[in-house]
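Counting the sequence shown from 1 gives a position; the numbering used here is that position plus 1.
Built from N, CA and C at the ideal position, the CB exists for glycine as well.
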Amino acid sequence: MKDQLTHSFCKDISLLKKGLLLGFFLLAVTTLSAQIREIKGIVTSETSEPLPGVAVQIDASGTGTVTNIDGQYSISARKGDKITFSFIGMTSQTIVVDNRTTINVVMKEEAFALEEAVVIGYGSAKKRDLTGSIETVKAADIATKPASNPLASIQGKIAGVQIVNTGRAGQDPEIRIRGTNSINGYTPLYVVDGLFTDNINYLNPADIESMEILKDPSSLAIFGVRGANGVIIITTKRAKEGQTTVSINASVGFKHIGDRVELTNASQFKELYNEQRNNQGLDPFDYTNWAADTDWQNEIFQTGFLTNNNISITRSTDKSKFYMGLGYTMEEGSIKSEKLNKLTINLHSEYEMTKFLRFGFQINGVRMLPPDAKGVSAAIKAAPIAPVANEETGLLQLLPDFQQAQVSNPMIDVKYRGQHNKAINYRMAGNIYGEVDLLKNLTFRATFAMDYSSDQSRLYSPIIYLYNVDKGEKENVGEREGITQKKLTNMAAQSDYVLTYTGKFGGHGITLTGGMTTNYNEYSSLDAGRSQKLGDGISIGENDDKWWITTIGDQSTATNGGSQYKRFTMSYLIRALYNYQSRYLFNASYRRDGSSVFKRTGNTWDNFYSFGAGWVISEENFMKHQSVIDYLKLKGSWGVLGSQNTGGYNYPAYPTIVNSGSAVFGDNIVEGKGLAYLASQTLGWERNYSWEAGLEMNLLKQRLRLSPVYYNKTTKDLLTSVPGISGSTPGLENIGEIQNRGWELTASWNDRIGEDWSYGVSANLTTIDNKVKSLVNKDYAIVSGPSRVSQGYPIGYFYGYQVEGVYQNKADIQSSPKNTLSTVAPGDLKFKDVDGNGEINDKDRTMIGNPTPDFTYGLTISAGYKGFDFSMDMMGVYGNEIYRNWESDEFSQNNYSLRRMNRWNGEGTSNWEPILDPSRSINRQNSSYFIEDGSFFRIRNIELGYTFNPGLLKKIYLKSLRLYANVQNLKTWSKCSGYTPEIGGSATSFGVDNGTYPMPTVYTFGLNLTF
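Encoded structure:
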């Protein structure tokens, strides 16, 4: 019995041990199962596009996977494991596994991607292999900005690129790259998908993939006679391999004018006008019928609404790629009755016939209804004592008699002439191409491109009735109604045949490009007009179906005009890019251009070339034992560039025939004819000799980037009109020289704080030293109002008298240098005796201002937290002057600037603002009294966005969704009394404020959706 109990007990103990062992095993398995779990997620780019092929690896075990075509991944990991996400061209990210089972990752581009391909004209190259200054602007930098022209959105973001924007809807910004190079123009060349063009206002910003700005001679010489003013290369979007997506970008917003010109109100105007009439010895003005207090700026301005809508569809297979983008833009102007409508289309298709043969096409088109643009001049000049309209008749009212002849009621343009210019513009530009791999490293590409535009307009000028309060009746402005029609057509055809070889052997790398290109351009314009008296013929009125010149049958009133020209260019080009172990760099470019423009003078052909070299010091062995500098490259280039500017002469070697006096033969008067100018027999292209030197440096694990560059550009052989001797026929010669030189500095810092926070700061600074080295002779000058171009001074400098103060009394006049320009009296401006001869005469005029800034700068701050992103762009210029010309009217009595409340009205009352007396002509002379500081600082753009979690979006079949709010031109700090310190102009006259269109603050709200 005992043995049985013992045996039973031992058996129970054995079973207990087995049970305990099984329990511990199950517990261990359960614990292990709890530690290892499946981690899922989606990897996207900064633009919320899924990234296929991202490597996902567990650091400890080395096991990993890659994301699929939708950016999705799945991997098993324990809590505490480190998972690294890496992708070419992106910054790798390491994330520690916590309690989450879903980890979504947003990959960011490297601060400096050495292997990034950059478009350089007739091909591309790795950024690290280049020796020049090329800046790249990505699609994300312009896609969400409220600008119909994408160039407006990069203002202040690129060193060496000065952009003057305008507040007018649809108007193109002015671009000057490294200063003003010529008296005949400054506009850079635009290259859209390989096609040379004069502007890019037909493109939809949402259809742009990237934008490269070329500034240095090594990258510009390949463009020959078109390269001197810089080149902007635009690559439009196309389908990417393995993707089929539909993207929608939409935004709505409004804009308003915050900064107004400070003018006197009714009571202030009366005070000043009464004083002025008293100073002139005139009777007081009768204000009986002029008791209003009208703010004319408020009357003409409006809160304008705008919307931008774009949809794109991309599809790609192993053989074909297709992209289609459609866009619609509507923008109301800041002045009532202005409105822009714009429809765009972008098509791209490529088909791979075999592994070595590809064909494709690219088309960009636009249909645009430009605004019937109006100005602000009348609103600045109109007297505030005048009412807008007569209450009884509802008619707009004539201004007081002291203004009627020169200034119109500002609302006439808005109410009676607004939207009376019916314009419609069409443009289609594109290319077809074929590409064949002749050998493994040898590719031939043929491209045939065409750019066709047609601009048409119909302007109806009605008879306008206004109420004359002094007469108590209505009056008509003009006795005839008229119609004017215009049509402009421009066609450019281009063909490129390019052979490219890329090879590596040993430590040597070389890319050779050679080819031939042709470019044909044809332009024509026609305009015609007719008018009729009211009651004659068919009544026209406000029916725009009748706004055609054939509606008016009176052919005796017909006017007409037109112009046309043709040009053809053929070019040969070759370029070599060489590197040894990606350490020593050398490149050379050569282009030979033949043009029809100077065929008559024997200068059909000309040669342009450049050389560049670089040394990547960070690849040297002596740099391997330090950890501060990650990348360091010294670079420099020199070249001879061409300028196709011909000073407005379509055929400069063929002078036009003009009237040249007349002669009497008996009873007959015979008009004489002669050449407009005498063209030099050696007339040819302007040439730009350019060089630069600088370095590129990345430090502290690629977080800090610095790039200082010194540039020097000298344009020689300026195409200049030379005055004839004693009034004889002038000549046209290549004579004169302009120099631009300065520094460009770009710096940026990008970093992360933990897993969720990221931030970045970037800045740029450009100095500009412009000087006309020679121009015909030291006494020769090109004069345009207050602007002047002459030897030894900056281009377009302001010329006049320096103001030292205001004459306070007769004793002050007697003790000052004698003014021989005019009889002066107390209250007049006192000019400086510049030449020190004891009197004031025209030889005392000198430089009183420079419209070219000493330097321009930009600053961008960005931050991100999880799905939120924030950015703020700031920019400014310093050291330039503005000539205030909007109030220097000799013949009309205008409203007063509020500044005139501080005028001289007795001894000691002012030493700057002269007396109120328009008969004192001395005070209207071009002088520093009209000069203002053009420096300004602006908060250019602020944007806040939120990108939704891709995991959540997947449940509703969306790939990405981002919402954002944007504020543009939030605040500008300046000393300018006009609407904006941004004032453009021509190559020889800019910075003159004639009443520049105001710059609005724009608020937009939008979304980016992809599914």
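Quiz item: Going by DSSP, what residues sit across from N477 in a beta bridge?
Solution: The count along the sequence shown starts at 1 and reaches residue 477 at position 476. Beta-bridge pairing links N477 to Y466.
Quiz item: Do you know how far the Cα of Q73 is from the Cα of K955?
Solution: Taking the first residue of the sequence shown as position 1, residue 955 is located at position 954. Taking the first residue of the sequence shown as position 1, residue 73 is located at position 72. About 11 Å.
Self-check item: For F521: DSSP bridge partner residues
Solution: Taking the first residue of the sequence shown as position 1, residue 521 is located at position 520. One detail in the question is off: residue 521 reads as Tyr in this sequence, not Phe. In the DSSP output, where bridge partners are listed per residue, Y521 has A494, F569.
Exercise. Say whether the stretch 766 to 773 touches the stretch 735 to 742, bearing in mind that this needs 3 or more beta-carbon pairs closer than 8 Å, one atom from each stretch.
Key: By the C-beta criterion, the stretch 766 to 773 is judged to be in contact with the stretch 735 to 742, since at least 3 inter-stretch pairs fall below 8 Å.
Quiz item: How about the stretch 633 to 641 and the stretch 684 to 693: do they share at least three Cβ pairs that are nearer than 8 Å?
Solution: Contact between the stretch 633 to 641 and the stretch 684 to 693 is present, because at least three Cβ pairs lie under 8 Å.
Exercise. Would you mind giving the Cβ-Cβ distance between F1012 and Y947, rounded to the nearest angstrom? I have them listed as a contact below 8 Å.
Key: Walking along the sequence shown from the start, residue 1012 turns up at place 1011. Walking along the sequence shown from the start, residue 947 turns up at place 946. F1012 to Y947, Cβ: 18 Å. No contact.
Practice problem: Report the rounded CA-to-CA distance for D173 versus D456, giving the unit in angstroms. | Solution: As a first step, residue 173 must be located in the sequence shown, where it is residue number 172. As a first step, residue 456 must be located in the sequence shown, where it is residue number 455. In this structure, the straight-line span from the alpha carbon of D173 to that of D456 is close to 16 Å.
Quiz item: Taking just the CA atoms, how far does I796 sit from L830?
Solution: Here residue 830 refers to the residue found at position 829 of the sequence shown. Here residue 796 refers to the residue found at position 795 of the sequence shown. In this structure, the straight-line span from the alpha carbon of L830 to that of I796 is close to 27 Å.
Exercise. Under 8 Å by Cβ, that's how I've got Y858 and R169 pegged, so tell me the actual separation to the nearest angstrom.
Key: Numbered from its first residue, the sequence shown carries residue 858 at position 857. Numbered from its first residue, the sequence shown carries residue 169 at position 168. In this structure, Y858 and R169 do not form a Cβ contact; the two beta carbons are roughly 25 Å apart against a cut-off of 8 Å.
Quiz item: Are the CB atoms of V162 and I176 nearer to each other than 8 Å?
Solution: Position 161 of the sequence shown, counted from the first residue, corresponds to residue 162. Position 175 of the sequence shown, counted from the first residue, corresponds to residue 176. Their beta carbons are under 8 Å apart, which means V162 touches I176 by this criterion.
Quiz item: What's the call for Y566, buried or exposed, on a 16-neighbour Cβ count within 10 Å?
Solution: Reading the sequence shown from its first residue, position 565 is the one you call residue 566. Looking at its Cβ environment, which holds fewer than 16 other Cβ atoms inside 10 Å, Y566 is exposed.
Quiz item: What residues are listed by DSSP as bridge partners for S611?
Solution: Against the sequence shown, residue 611 aligns to sequence position 610. Partner(s): S590, G640.
Quiz item: For the stretch 427 to 434 against the stretch 357 to 371, are there 3 or more C-beta pairs whose distance is under 8 Å?
Solution: The stretch 427 to 434, when compared against the stretch 357 to 371, does touch it at the 8 Å Cβ threshold.
Quiz item: Out of curiosity, what's the CA-to-CA distance linking D190 and V968?
Solution: Here residue 190 refers to the residue found at position 189 when the sequence shown is read from its first residue. Here residue 968 refers to the residue found at position 967 when the sequence shown is read from its first residue. Before going further, note that residue 190 is Leu rather than Asp in the sequence given. Those two C-alpha atoms are separated by around 30 Å.
Exercise. Tell me, please, which residues DSSP counts as bridged to Y434.
Key: The count along the sequence shown starts at 1 and reaches residue 434 at position 433. Y434 has G361, T448 as its beta-bridge partners, per DSSP.
Practice problem: Pull up the distance between the alpha-carbon of Y632 and that of E621, whole angstroms please. | Solution: Translated into the one-based positions of the sequence shown, residue 632 becomes position 631. Translated into the one-based positions of the sequence shown, residue 621 becomes position 620. Here the C-alpha atom of Y632 lies approximately 11 Å from the C-alpha atom of E621.
Quiz item: Can you tell me whether DSSP reads V835 as helix, strand or coil?
Solution: Along the sequence shown, read from residue 1 onward, the residue named residue 835 stands at position 834. DSSP, reduced to helix, strand and coil, places V835 outside both helices and strands of the structure shown, so it counts as coil.
Self-check item: DSSP three-state assignment for N185, whether helix, strand or coil
Solution: Within the sequence shown, numbered from 1, the residue matching residue 185 stands at position 184. Taken through DSSP and simplified to helix, strand or coil, N185 comes out as coil.
Quiz prompt | Assigned exposure category for W974 - 16 Cβ within 10 Å defines buried | solution = Position 973 of the sequence shown holds residue 974. Here W974 is exposed: its Cβ has fewer than 16 other Cβ atoms, across all protein chains shown, within 10 Å.
Exercise. Quick one: grab the DSSP three-state call for R742.
Key: For this step, residue 742 is matched to residue 741 along the sequence shown. Assigned with DSSP and collapsed to three states, R742 falls in strand.
Self-check item: Distance CB(Q495)-CB(L215) smaller than 8 Å
Solution: As a working mapping, residue 495 is identified with position 494 in the sequence shown. As a working mapping, residue 215 is identified with position 214 in the sequence shown. No.
Self-check item: P951 - containing alpha helix (DSSP H), residue span
Solution: For the purposes of this step, residue 951 is taken as residue 950 along the sequence shown, with counting starting at 1. 951 to 955 is the span of the alpha helix (DSSP H), which, as asked, contains P951.
Self-check item: Under 8 Å between C-beta atoms of P1001 and G935
Solution: The residue labelled residue 1001 in the question sits at position 1000 within the sequence shown. The residue labelled residue 935 in the question sits at position 934 within the sequence shown. Taking C-beta atoms as the reference points, P1001 and G935 fail to come closer than 8 Å.
Quiz prompt | Element boundaries [beta strand (DSSP E), containing W297] | solution = Here residue 297 refers to the residue found at position 296 when the sequence shown is read from its first residue. Careful: W297 lies outside any beta strand (DSSP E), inside the alpha helix (DSSP H) at 297 to 301.
Quiz item: Would you call the stretch 569 to 577 and the stretch 589 to 606 touching, i.e. three or more CB-CB distances under 8 Å?
Solution: In short, these stretches touch, since the Cβ pair count reaches three.
Exercise. Tell me, to the nearest whole angstrom, how far the beta carbon of P285 is from that of N896; I am working on the premise that it is less than 8 Å.
Key: In the sequence shown, counting from the first residue as 1, residue 285 sits at position 284. In the sequence shown, counting from the first residue as 1, residue 896 sits at position 895. The Cβ separation is near 19 Å, so there is no contact.
Quiz item: Taking C-beta to C-beta, are S679 and T715 nearer than 8 Å?
Solution: Residue 679 sits at position 678 when you count from the first residue of the sequence shown. Residue 715 sits at position 714 when you count from the first residue of the sequence shown. Note that residue 679 corresponds to Leu in the displayed sequence, not to Ser. The answer is no: Cβ separation not under 8 Å.
Quiz item: Within 8 Å (strictly less), CB to CB, does D545 reach chain D?
Solution: The chain labelled as chain D is not found in the depicted structure, where only one protein chain is given.
Quiz item: Which parts of the stretch 763 to 846 are runs of the beta strand (DSSP E), unbroken and 3 residues or longer, counting only runs that do not cross its ends?
Solution: For the stretch 763 to 846, the continuous beta strand (DSSP E) assignments of 3+ residues that do not extend past its boundaries occur at 770 to 775, 782 to 785, 788 to 791, 798 to 801, 804 to 807, 830 to 832, in sequence order.
Quiz item: With distances taken from CA atoms, which of I312, D452, G508 is nearest E523?
Solution: Indexing the sequence shown from 1 puts residue 523 at position 522. If we check each option's Cα against that of E523, D452 comes out closest.
Self-check item: Beta-carbon separation (whole angstroms), L971 vs I940, contact threshold 8 Å
Solution: For the purposes of this step, residue 971 is identified with residue 970 of the sequence shown, where counting begins at 1. For the purposes of this step, residue 940 is identified with residue 939 of the sequence shown, where counting begins at 1. Right, their Cβ atoms sit about 4 Å apart.
Quiz item: When you compare only the Cα positions, how much space is there between Q703 and S961?
Solution: One-based indexing of the sequence shown puts residue 703 at position 702. One-based indexing of the sequence shown puts residue 961 at position 960. Between the alpha carbons of Q703 and S961 lies a distance of about 29 Å.
Exercise. Counting only the same chain and skipping the five closest in sequence on each side, list residues whose C-beta sits under 7 Å from that of V835.
Key: Along the sequence shown, read from residue 1 onward, the residue named residue 835 stands at position 834. Counting only Cβ-Cβ distances below 7 Å, and skipping sequence neighbours, we find Q803, D845, T847.
Self-check item: Run of the alpha helix (DSSP H) containing Q277, from where it starts to where it stops
Solution: Here the question's residue 277 lines up with position 276 in the sequence shown. Secondary structure note for Q277: its alpha helix (DSSP H) is the uninterrupted segment 267 to 281.
Self-check item: Top-ranked residue by Cα proximity to I539, from I550, G530, G228
Solution: Indexing the sequence shown from 1 puts residue 539 at position 538. Selected option, being the one with the closest Cα: I550.
Quiz item: Buried or exposed: which applies to V97, given that a residue is buried once 16 or more other Cβ atoms fall within 10 Å of its Cβ?
Solution: Working through the sequence shown from its first residue, we reach residue 97 at position 96. Exposed, because fewer than 16 other Cβ atoms sit within 10 Å of the Cβ of V97.
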